[in-house]
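Novice: Using my numbering, read the sequence shown as starting at 12 and increasing by one per residue.
Beta carbons are placed, not taken as given, at the ideal position from N, Cα and C, and that holds for glycine.
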Amino acid sequence: METWAGFCPGLHLSVGIWVMIAALTLQNAKAEITCASCPSPVQLHLETLQMGMRTDPTEEPSDLELKELGASGQNAGVDDDHETDISVEEVPMFPQHPELGEDAALRRARRSGPEFAEFSESRWSGRTGVDAGAPDDRGSLFDGQKQGRSDFGRNRNDGRGNTRQDEPKIASSTFALTGDSAHNHAVVYWSGQNSSVILILTKLYDFHIGSVTESTLWRSTDYGSTYERMNDKVGSKIVLSYLYVCPTNKRKIMVLTDPEFESSVLISSDEGASYQKYRLTFYVLSLLFHPTEEDWALAYSHDQKLYSSMDFGRKWQLIHERVTPNRFYWSVLGLDKEPDLVHMEAHTPDGNVQYVTCRAQMCTEANRNYPFLEYIDISSLVVQDDYIFIQVPTSGRANYYVSYKRDSFIQIKLPKYSLPKDLHIVSTDEKQVFAAVQEWNQNDTYNLYLSDTRGIYFTLAMENVKTTKGIGGNQMLDLYEVAGVKGMLIANKRHDNQVKTYITYNKGRDWRLLQAPAADLDGNDIHCILPFCSLHLQLQTSENPYLSGTISTKNSAPGIIVAAGNIGAELSYNNVGMFVSSDAGNSWRQIFEEEHNVWFMDRGGALVAVKQPSVPTRHLWVSFDEGRQWTQHSFSSVPLFVDGVLVEAGAENQIMTFFGHFSHRSEWQLIKIDYKSIFSKKCTEEDYQTWHLHNQGEPCVMGQKQIYMKRRPGNYCMLGKDYSRILSAESCICRAHDFECDYGYERRGDGNCRPAFWFNPSTVSRSCSQGQNYFNSTGYRKVVLNNCTKGVKEMYTARKQQCPNRPPKGLLVTTKDGKLTANLGTNITFLVHLDEGDSLRTNIQLDFGDGTAVSYSNLSWTEEGIKHVYKSAGIFRVIALAENTLGFDTTTLFLHITCPVEHVQLLAPFVVIRNKEVNITAVVLPSHPRTVTYFWWLGNNTEPVITLDGSISHTFTNEGMHTITVQVAAANTILQDTKTIAVKEFFKSLLLSFSPNLDEFNPDIHEWRQDVGRVIKKALLQVSDFPEEQLLVAVFPGVPTAAELFLLPHKNQSEGKKKSEDELEQASDVIVSALNQNLVEFELKPGVRVIVYNTQLTLAPLVDSSPRHSSSAMLMLLSVVFLGLAVFLIYKFKRKIPWINIYAEVNQEKEQEMIGSVGQGDSTPKITLSEFPTSKELMEKELDARVKRGVGNACESTREIPNCTSV
């Protein structure tokens, strides 16, 4: 879930040419700001969604991050009463904090935030842009606008139009911000109504070091005629970084110092005339003002801590640590009980994310609440109007939840197979949720959905709305909410590789193409026949919030739409002109041949136009008849590169301000224009006429007939403050177009709503119990905020019916986190869901599969989940049964209870016979059958053999050294062990023992055994000339220390097998002789010499793969058996003969570790060692030993079980 509508200031100006600085506007501190008062296209972000009226001073102008979806305000002058609210993205301003941009989201807010906007370097002129703050929610921030076009030729109507005799000259004055020619950013703030104060903060932002190095604060008290430098009053050496204005009291201002120099806040309560400085212990990244309490504010710091102040920034108190950027919100009036309640998204120490609420000054752990008990996805919390949205982490599909008016969270219901990849909330301000969803099969388009009042059930409004990729990889949705006309939207839809513009008057229930103008500027007829040819509009916003963008509307001028576009079969960016509609999109006229910035003046009664700022200009155009006639006026004697225009802040006094520069190196120029002289008088009743809103002649729009008052075209009178826009509104009789398809229904070709293939309309909610009533949908629901009455209303409205008595159906049991595995000992919550059936009269039984079960008399007892703790690992069959008098339903869940393994040990012989099956075992600690998966890589196999058993048999067909690897997977743990096996046709082996002093230095680890084996091998080579590569020494784990010596034949046996066997016998005799004479020894450390002995019991004859009987072998076998029996008896009766005692102890230990030879033929004589334990017994003994010794590390204490070659 990614975006939300936000809020944008209105009376202030925000002009950002390089980037939109969302940090200035009220709501979003991060990537986007929404304009509650500004109509605009919708912006999408690729990742997360968010809302907020915070501002973020740490964002970099050139780094445009698109994270939120929403329509953004387009023109700087939008009324306070503008009700359309779509979000605009906010761009990071300071590069040293790029992480902030990642978490920003879209939010529409009409609450608090900084009151200003910022200008940055102009992309058109190469100089600077301007950004101004508005005192209320009227301005707009724009994001991702199409690049300014190349210079255009003059219009055919330049100088033409209704130019009166003795045209009045407009008064203007110019002020240069002397000394600031190097400054590349400016923040402009105008207090607004009943105030003549303008504040401007200019800054030199060094992109190389990522901070502000110079700043100047200017203040005007005469609407911008003159300015005073304020640096001496705030501190001449202080570098200021950002300006914030309290949205509920415009006289209160906060100015932050740049933290590279000092971390302080300057506070003014008299519109910037004087300041008090307070030190800060943290670096403020963004601020969020309370929507009603002027002294309350939240501050987000660079180290992810959230602070609160209840005295307008003088003192701050820590609320919470590890808070997600831009995911904190003040309480909503009328919904939250405490006005100082804070909603936030916080991280737990283990990295999970929770939704937390607490009071701003009482946020200890004991006072915190968790409205949603589960963990949520990062950057998914959105608190907006009546709704709270979250996204829950899932391994597959995304699950979104909504809380309406602070009720419990309910999962959002989209059409079953929409399978969203991305979801953005466009707006929530008209008692329903407007969302954009990118479905599984979409890449550059989104589908628009509308919800019911609770925000739960969504139905399709339009498919495949076009997106535009902007700077920094952001995407903008081509959707525009028209100001002043409820339910009216314009969208660009992609169909068959063409993009066309559509308009709706009933919130997406019906869409149609735009009728092109009948004639061009010269009066020539335009032959454009629907549906093959129509008018197409650009619905993108300007990067500079004080340039109007490609489309403009205004609440106080309903029905007037000014936009850039083209005429043809599809949307094009060539041959673009400016078009205007005076009747809410029913008909259009062309007004310019090239793009202009157009603003509304005098409460929408007049239009002012200025060419795109790619070239300097000194003229503006004014129209009093909705764009039919234009008069030209000069506002400067020298052509000006216009970076922005502030209109609304001085609307009450007929003052507008142009911001710009005369050349690329000149100072900032502020031109104040007083256009009172344009008006001849104040308007009276005779100057107005009525206008009926309609849709192609249909007078009923959104269920009512609306009549507006407009100034008569051509009257040069000034609209009064008491100007009423709507004269009357009369409800209409309900008809089919007042109803949209209900959830689960789709509109067919005949215009009727029919059930989707996946939806069962006969399904009755399980909460519907016998004796109660429910509303049975007719397949239709009334468009939200539609005011129609009677007519077909009763026919289309859901009907009240009695709940039927029915058997249970659609029983489903899941775990609360949706997983099929859990760790041993954890508390597992099972959720039982029933599609149909009487929940109050249906018995629920749940068998956990471990011998325990529970039963409930009805489903209501299971709403909070059924908890259970398993005491052993394994795979358990969980069975749920729902039963009432009419029938039953059952379902099964197989749950894996796992315990992470601590150690794995691979048991395999060191040498095996070719083409003889060998058994390989992996011993796991702790042992939990049926929950461990084994992956075996044998020899040169590229793919593993996967088993659920810890043993596997394998036959090696080729001689040589082979590697065996086993990986053991249990829970989230994977362990691995590897062994190397020599595969030969035949071999000979001897068991070795050592003098007891070796055991004192045996740490019983693998590395030590390898090193000692290498030393033993070196010592044996000193008494024998047997080739080194044919000698293999394997030291066994455990104590007493023992080893096995393998004599291997040469790789090249071309001289004959018999000769090789004889060589092994001769080498064995030599080595045995040396061992018996104590000639084999090695120095373990200075002063410690270890003697190597031959363990006579295991003196082994030649091992061969060919079946044969040998009398000598039989005699040897019998002698070994008798010798073993003698040793056993001596050990049993504990004879105190020193050598025999040592031998017996060695033999006892080795017998516990040995397994039979691998690769012997069936006819080959074998020795079966007495009391040989199984691997399970070995593990049990080892576990007992670990408990007794208190050993915690299974790796160090687990003993390997070697193979002894039997004969």
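For T439, count neighbouring C-beta atoms within 10 Å of its own C-beta (all shown protein chains included) and say buried if the count is 16 or more, exposed if not.
Specialist: Residue mapping note: residue 439 aligns to position 428 of the sequence shown, counting from 1. Per the 10 Å Cβ criterion, buried.
Novice: How many whole angstroms separate the CB atoms of A993 and G961, which I take to be in contact at a CB cut-off of 8 Å?
Specialist: Mapped onto the sequence shown, residue 993 falls at position 982. Mapped onto the sequence shown, residue 961 falls at position 950. Their Cβ separation, rounded to whole angstroms, is 23 Å, which puts A993 and G961 out of contact at 8 Å.
Novice: Can you find at least 3 beta carbon pairs, one from the region 374 to 382 and one from the region 421 to 431, that sit closer than 8 Å?
Specialist: As far as the Cβ criterion goes, the region 374 to 382 does not touch the region 421 to 431, which means the pair count is below three.
Novice: To test your reading of the DSSP string, which unbroken alpha helix (DSSP H) runs of 4 or more residues are found completely within the region 349 to 389?
Specialist: Runs of the alpha helix (DSSP H) inside the region 349 to 389: none found.
Novice: I'd like to confirm the pairing. Which residues does DSSP put opposite Q643 in its beta bridges?
Specialist: In the sequence shown, the residue the question calls residue 643 occupies position 632. In the DSSP output, where bridge partners are listed per residue, Q643 has W632.
Novice: Would T515 pass as a contact of L500 if the rule is Cβ separation under 7 Å?
Specialist: The residue given as residue 515 occupies position 504 in the sequence shown. The residue given as residue 500 occupies position 489 in the sequence shown. Taking 7 Å as the Cβ cut-off, T515 and L500 qualify as a contacting pair.
Novice: Is it true that the region 266 to 274 meets the region 709 to 718, where meeting means three or more beta-carbon pairs spaced less than 8 Å apart?
Specialist: The answer is no - the region 709 to 718 does not touch the region 266 to 274, with fewer than three Cβ pairs under 8 Å.
Novice: From I97 to E441, what does the alpha carbon distance come to, in whole angstroms?
Specialist: As a first step, residue 97 must be located in the sequence shown, where it is residue number 86. As a first step, residue 441 must be located in the sequence shown, where it is residue number 430. Any reading at I97 needs caution, since the residue's pLDDT is 29, under 50, leaving its predicted position unreliable; the model's value is listed next. For I97 and E441, the distance between alpha carbons rounds to 12 Å.
Novice: When burial is assigned at 16 or more other CB atoms within 10 Å of the CB, is Y381 buried or exposed?
Specialist: Start at 1 with the first residue of the sequence shown, and residue 381 comes out as number 370. The residue is exposed, with fewer than 16 neighbouring Cβ atoms inside 10 Å.
Novice: Helix, strand or coil for G898 per DSSP?
Specialist: The sequence position of residue 898 within the sequence shown is 887, counting from 1. Of the three classes helix, strand and coil, the one that applies to G898 here is strand, per DSSP.
Novice: CA-CA distance, P815 and T774?
Specialist: Taking the sequence shown and counting its residues from 1, one reaches residue 815 at position 804. Taking the sequence shown and counting its residues from 1, one reaches residue 774 at position 763. In a straight line, the C-alpha of P815 is about 11 Å away from that of T774.
Novice: Can you give me the start and stop residues for the alpha helix (DSSP H) that I1027 sits inside?
Specialist: Translated into positions along the sequence shown, residue 1027 becomes position 1016. Note, I1027: alpha helix (DSSP H), 1017 to 1032.
Novice: Taking just the CA atoms, how far does S776 sit from L870?
Specialist: Residue numbering aside, residue 870 sits at position 859 when the sequence shown is read from its first letter. Residue numbering aside, residue 776 sits at position 765 when the sequence shown is read from its first letter. Cα to Cα, the separation comes out at about 12 Å.
Novice: So does the region 574 to 586 actually touch the region 612 to 622, counting three or more Cβ pairs closer than 8 Å?
Specialist: Judged by Cβ distances under 8 Å, the region 574 to 586 makes no contact with the region 612 to 622, as fewer than three pairs qualify.
Novice: With DSSP run on the structure shown, which of helix, strand or coil describes H506?
Specialist: The residue labelled residue 506 in the question sits at position 495 within the sequence shown. Looking at H506 - three-state DSSP - the assignment turns out to be strand.
Novice: What are the start and end residues of the alpha helix (DSSP H) that includes L1075?
Specialist: As a position in the sequence shown, residue 1075 is number 1064, starting the count at 1. Note, L1075: alpha helix (DSSP H), 1068 to 1087.
Novice: Alpha carbon to alpha carbon, how far is F859 from T1106? Give it in angstroms, no decimals.
Specialist: Walking along the sequence shown from the start, residue 1106 turns up at place 1095. Walking along the sequence shown from the start, residue 859 turns up at place 848. Cα to Cα, the separation comes out at about 56 Å.
Novice: Please report how far the alpha carbon of N86 lies from the alpha carbon of P258, in whole angstroms.
Specialist: Residue numbering aside, residue 86 sits at position 75 when the sequence shown is read from its first letter. Residue numbering aside, residue 258 sits at position 247 when the sequence shown is read from its first letter. In this prediction, N86 scores a pLDDT of 33, lower than 50, which makes its location untrustworthy; no coordinate-derived value is stated.
Novice: Between the region 966 to 979 and the region 1025 to 1042, can you find at least three pairs of beta-carbon atoms closer than 8 Å?
Specialist: No, they do not touch.
Novice: Within 7 Å (strictly less), CB to CB, does E847 reach chain C?
Specialist: In the structure shown, chain C cannot be found, because there is only a single protein chain.
Novice: Roughly how many angstroms separate the alpha carbons of V334 and H547, rounded to a whole number?
Specialist: Within the sequence shown, numbered from 1, the residue matching residue 334 stands at position 323. Within the sequence shown, numbered from 1, the residue matching residue 547 stands at position 536. Going by the C-alpha atoms only, they are around 44 Å apart.
Novice: Using DSSP with H/G/I as helix, E/B as strand and the rest coil, what is Q1041?
Specialist: Position 1030 of the sequence shown, counting from 1, holds the residue named residue 1041. Helix at Q1041.
Novice: First and last residue of the alpha helix (DSSP H) that includes M589?
Specialist: Mapped onto the sequence shown, residue 589 falls at position 578. From DSSP, M589 is part of no alpha helix (DSSP H) but of the beta strand (DSSP E) over 588 to 592.
Novice: Hey, is the region 741 to 754 in contact with the region 720 to 728, meaning 3+ C-beta pairs nearer than 8 Å?
Specialist: Touching, no, given that fewer than three Cβ pairs across the two stretches are closer than 8 Å.
Novice: Under a Cβ-count criterion, where at least 16 other Cβ atoms within 10 Å of its own Cβ denotes burial, should Y584 be classed as buried or exposed?
Specialist: By 1-based counting over the sequence shown, the position of residue 584 is 573. By the 10 Å Cβ count, Y584 comes out exposed.
Novice: Using alpha carbons as the reference points, say which of S252, H914, K477, I389 lies closest to V223.
Specialist: Your numbering for residue 223 matches position 212 in the sequence shown. Among S252, H914, K477, I389, the Cα nearest to that of V223 is on S252.
Novice: How is Y807 classed by DSSP in three states: helix, strand or coil?
Specialist: Stepping through the sequence shown from its first residue, residue 807 is reached at position 796. In the structure shown, Y807 sits in a helix (DSSP, three-state: H, G or I).
Novice: Taking the alpha-carbon of N608 as reference, which of L618, W599, H879 has the nearest alpha-carbon?
Specialist: Taking the first residue of the sequence shown as position 1, residue 608 is located at position 597. Measuring from the Cα of N608, the nearest candidate turns out to be L618.
Novice: With I1219 and V591 assumed to form a contact (beta carbons below 8 Å), what rounded beta-carbon distance in angstroms separates them?
Specialist: The displayed coordinates of the chain run from 12 to 1218. Any statement about residue 1219 would go beyond what the structure contains.
Novice: Would you report the Cα separation of G140 and N535, rounded to the nearest angstrom?
Specialist: Reading the sequence shown from its first residue, position 129 is the one you call residue 140. Reading the sequence shown from its first residue, position 524 is the one you call residue 535. Bear in mind that the predicted position of G140 carries a pLDDT of just 38, short of 50, making it unreliable; the figure below should be weighed with that in mind. The straight-line gap from Cα to Cα measures roughly 40 Å.
Novice: For the pair the region 181 to 194 and the region 234 to 242, tell me if three or more CB-CB distances fall below 8 Å.
Specialist: Yes, they touch.
Novice: Going by the beta-carbon positions, is the gap between N566 and A494 smaller than 7 Å?
Specialist: In the sequence shown, residue 566 corresponds to position 555, counting from 1. In the sequence shown, residue 494 corresponds to position 483, counting from 1. Result yes, Cβ atoms of N566 and A494 sit closer than 7 Å.
Novice: Assuming I1295 contacts F652 under a Cβ cut-off of 8 Å, what Cβ separation, rounded to an integer in Å, is found between them?
Specialist: The displayed coordinates of the chain run from 12 to 1218. Any statement about residue 1295 would go beyond what the structure contains.
Novice: Give the range of the alpha helix (DSSP H) segment to which V266 is assigned.
Specialist: Within the sequence shown, residue 266 is the residue found at index 255, counting from 1. Not the alpha helix (DSSP H): V266 falls in the beta strand (DSSP E), residues 264 to 268.
Novice: Leaving out the 5 sequence neighbours to the left and right, which residues in its chain are closer than 7 Å to D521 when beta-carbon positions are compared?
Specialist: On the sequence shown, residue 521 is found 510 positions in, with the first residue counted as 1. If we look at D521 and ignore the five residues flanking it on each side, its Cβ neighbours are T515, H748.
Novice: Under 7 Å, do V649 and F669 count as touching if we go by C-beta distance?
Specialist: Position 638 of the sequence shown holds residue 649. Position 658 of the sequence shown holds residue 669. It is not a contact, given that the beta carbons lie outside the stated cut-off.
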